[in-house]
Structures are given as structure tokens and as C-alpha cells.
Amino acid sequence: MTKELIVRTGPQEYECREGVLSTLPKRLEERFVKNLLIVHGTVSWGKARPYLEDLYQAGFSITEVAFSGECSYEEVDRIVSLAAQHKSDAIIGVGGGKIMDAVKYAAAKADCILNVMVPTLASNCAPWTPLSVMYTEDGVFIRYDFLQQQASLLLLEPKLIIDSPKDFFVAGLADTLAKWYESDEILSLPENAQQPMLMMARQAAYICRQSILDHAELAIASLEAGEVTEAFVKLTEVITSISGMVGGLGDAFARTTIAHEIHDAITNFPESHHFLHGHKVAYGIMVQLAYEKKWAEIDNLIPFYEHLDIPKSLHDLHLDRLDAEGIMEIARLSTKPEAPAHGLPYEVSAELMAEAIQALEDYMANLPEL
């Protein structure tokens, strides 16, 4: 494994509180911004637009554009072209993680102009991290691209997030839970355990796991009731920011291993496309634990998964049609030579991965009825 450790911190400025979006005009004026390009989702835009009324009354030249739906190279180039056409000083992303990733990439590619993150979901750490997860226009994972600038501003409005669909929040919890399981085998190695940046990365990963297991039930109840509570705000910040700090501080020592590699592999199967990123990563956690033969920890997580209706098997992902060759295809895709999973302190191979996937499937199929 490489010994190189490059720390990529989070946004230049971050704030999470009710009413924070009313400060956006002043913050942009302080940065000498005049022309804005807003890239937004569809349903989320209708909910977010009222929170930006102060921005629209402040005299900026504003151009709006709807996001295509995928963070693809084609979409990034389209946003770059629009920013040049309208002489934009800043691009604001309003929506979910793929919008955040596309806007970050486009702003960097457009001569590193400012980029502003206004999430409408707490579903992943995309608003925080200076990297973009790239897909084909059909939704198949390609690779992660690191960027040479971080977000200029990240503003989290809890009242906007509380109005988001429950599935996205649950997916965010699942994606964030993976931070601990994917990184701890590496971060706990004696040669890493005393390195300051890696110590902080491991602590951030621990906060991710423990906060979710301790507070998820209360936070979800808050979401369902539409009430902003301390538990809800805490997990919104954990999903969006603390999870981003794990990889930001730990770099290749703490980014993604088996859980995310499994996610990336199963994006090649169209049946999985309607499942959210975090749901597929959650299944990947189970595969990683099966690979490591940590069946007791799987048992600990099963009630949590079932309570939140998170996929824990190929059957749950509607991929139970896969035969041995289909499982081997997932195994091959998740263990390619360049896969970060090879940074784990044990052998990672397609054969062993296929065995773990099948063992997990057998284990889940034989669970006693509750």
C-alpha cells in the first residue's frame, strides 16, 4: 500500500443552522460574485426555491438550469459551457449528491470559479469532499476523480433537509456507517495508529458508526414527524460532514474498500439502478464483514438493517437471479487490480470475494423468522 498521505480538507466555509440560507447574498458579495449559475434538481427545487428568496432580491444575475440526472463527463462539460456562456462567477448546486459532484467538478474545470453547495438531502458526503464520483449517462460507475479545489461554501438548512424523502436519509445513514467498517482494518494497524491525521480519521469514522447506531431511530422519527430535533441535526451533520472528514484526513488509508467496491460492481446490473447509492453500499458492508468472517458483527447489524429496511442480500437487491457466474462477475469487478480494496491488510481476490458473497447469501437465507 502507498505510504503517501495527502490531506484534502472540507469546504472553505461551512455552517449548519436554521435560517442559514438568508446569509448567502452577503457571503457571495464578500467574494465579489455578480453572475450566478444555479444547477438544481426537479422536485427538490420546488422545495428549495423559497429559501433562496433573499438571493433573488439581492441584485445578482441568476441563470437556472435543471440537472440531467447523472454526474457524467457529458453533464459536467454542459455545465462548464453554460458557466462560460453566462460569464458565471460561481455555480450553486441545489439538490442531492450527484448534483454536488457535478457542480464541484464543473466549477474546477471552469477555471476554478466558486462553487456553493446547498444540499436538499442528507444522503452522502458529496457536499463536503473535493472529489466527484463519475458515472456513465446510464448510471454505471466509472471512477472517482479528485479535484484541485474544495467547495467554497457549504450551507446546511435543517428545515430544508427535514422535508426530504425518508429513503434518502436512510441511504445516507447506511453510506456513512460504511466509513468505519471500510477503514478500521487499515487505520488500526500499529504503523498507522499513531499518525496524527490517521488518528483523527479513525475517530471521525468511529463517530459515524456510533452516532448512527445510537441516534438513527430518533432522527428518523423526527424526519417522519417533520420536526427538526437535536438528533436529526446531529446525524445530518454526521452524514454530510463528519463522514467526509474520514477520507479527507485519511486519504487512501480511509476512503473506500470492499463495501464501496461492491456498490460500484453492482451498478453494472440494471436491476440495481433504482436502489440508492447508500442502500447498495449497505449491502457491501455485509459482504465485507462476510469476507472478514465477522459473523457476530453481521448479527449485531441485522436488526438495524431490518428496522430501516436496508438491503442485506442479493435477494433484497432483486439480484437473486444471479448464478455462480453472475456472482463471480460482481467479484471480478470489485477486485480489479486498481481497486482500493487491495489496500486492506489481507489478501483480496475474486475467488474469495465470490465465496463471501455466496456465504452471505446462504447465511441470510437461513436466518430464523422474527
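To convert, count from 1 in the sequence shown and add 161; that's this note's numbering. Quick reminder that beta carbons are idealized off the backbone N, C-alpha and C, glycines included.
Check	Outcome
CB-CB length for Met358 against Leu410, believed under 8 angstroms	5 angstroms
Simplified DSSP state of Arg304, which is helix, strand or coil	strand
For Gly254, the residue or residues it bridges with in DSSP	Val200, Met278
Local conformation of Glu176 per DSSP, three classes	strand
Span of the beta strand (DSSP E), counted from its first residue to its last, around Ile323	Unbroken run through Ile323: none, as it is neither H nor E.
C-beta atoms of Pro288 and Ala251 nearer than 8 angstroms	no
DSSP three-state assignment for Val294, whether helix, strand or coil	strand
Reference Ala511; option with closest CA among Asp477, Tyr466, Glu432, Ala426	Ala426
Contact under 8 angstroms by Cβ, Glu429 with Val255	As written in the sequence, residue 429 is Asn, which differs from the Glu given in the question. Contact flag unset, no.
Bounding residues of the alpha helix (DSSP H) (the contiguous stretch that carries Ser402)	No alpha helix (DSSP H) holds Ser402; DSSP gives it neither H nor E.
Three-state secondary structure assigned by DSSP to Leu314	strand
Option nearest Pro326 by Cα separation, candidates Tyr296, Leu350, Gly257	Gly257
N- and C-terminal bounds of the alpha helix (DSSP H) containing Ala451	438-452
Candidates Thr281, Thr401, Gln364, Ala386: closest to Gly171 by CA position	Thr401
Closest Cα partner of Glu490 within the set Ala392, Glu508, Ala515	Ala515
Whole-angstrom distance between Ala366 and Glu176, CA atom to CA atom	21 angstroms
Close beta carbons around Tyr217, own chain, < 7 angstroms, minus the five adjacent residues each side	Ile223
Cβ neighbour criterion (16 or more within 10 Å) applied to Asp262	buried
Start and end residues, beta strand (DSSP E) containing Ala227	222-227
Separation of Tyr305 from Leu275, as counted between CA atoms	21 angstroms
Own chain, CB closer than 6 angstroms to Asp523, minus 5 neighbours either side, in chain order	none
Own chain partners of Ala219 with C-beta closer than 6 angstroms, once the 5 adjacent residues on each side are dropped	Pro186
Beta-carbon contacts of Met162 that lie in its chain and below 6 angstroms, excluding the five residues immediately before and after	Bear in mind that the predicted position of Met162 carries a pLDDT of just 44, short of 50, making it unreliable; the figure below should be weighed with that in mind. The residues are Gly504.
For Gln310 and Gly180, the rounded distance between their alpha carbons	27 angstroms
Contained alpha helix (DSSP H) runs [length at least 4] in the stretch 340-375, N- to C-terminal order	351-354
Integer-rounded CB distance, given that Leu462 should sit under 8 angstroms from Phe414	Not really, about 24 angstroms apart at Cβ, beyond 8 angstroms.
Under the three-state DSSP convention, the category Phe465 falls into	helix
Ile488 - containing alpha helix (DSSP H), residue span	485-495
Exposure of Glu467, with buried meaning 16 or more beta-carbon neighbours within 10 Å	exposed
Own chain residues within Cβ distance below 8 angstroms of Leu243, not counting five before or after	Leu198, Thr224, Val226, Ser249
Nearest residue (CA-CA) to Arg239, options Arg210, Lys270, Pro211	Lys270
Cβ-Cβ separation, Ser474 to Ile423 (assumed contact under 8 angstroms), whole Å	Their Cβ separation, rounded to whole angstroms, is 12 angstroms, which puts Ile423 and Ser474 out of contact at 8 angstroms.
Inter-residue spacing [alpha-carbon to alpha-carbon] between Leu135 and Trp456	Missing from the structure shown is residue 135; the chain here goes from 162 to 531 and no further.
Cβ shell of Arg169 (< 6 angstroms), same chain only, five flanking positions each side left out	Pro291, Gly409
Residue closest to Leu334, alpha-carbon to alpha-carbon, out of Ser344, Val399, Glu346	Val399
Spatial distance of Tyr266 from Ser205 (CA atoms)	21 angstroms
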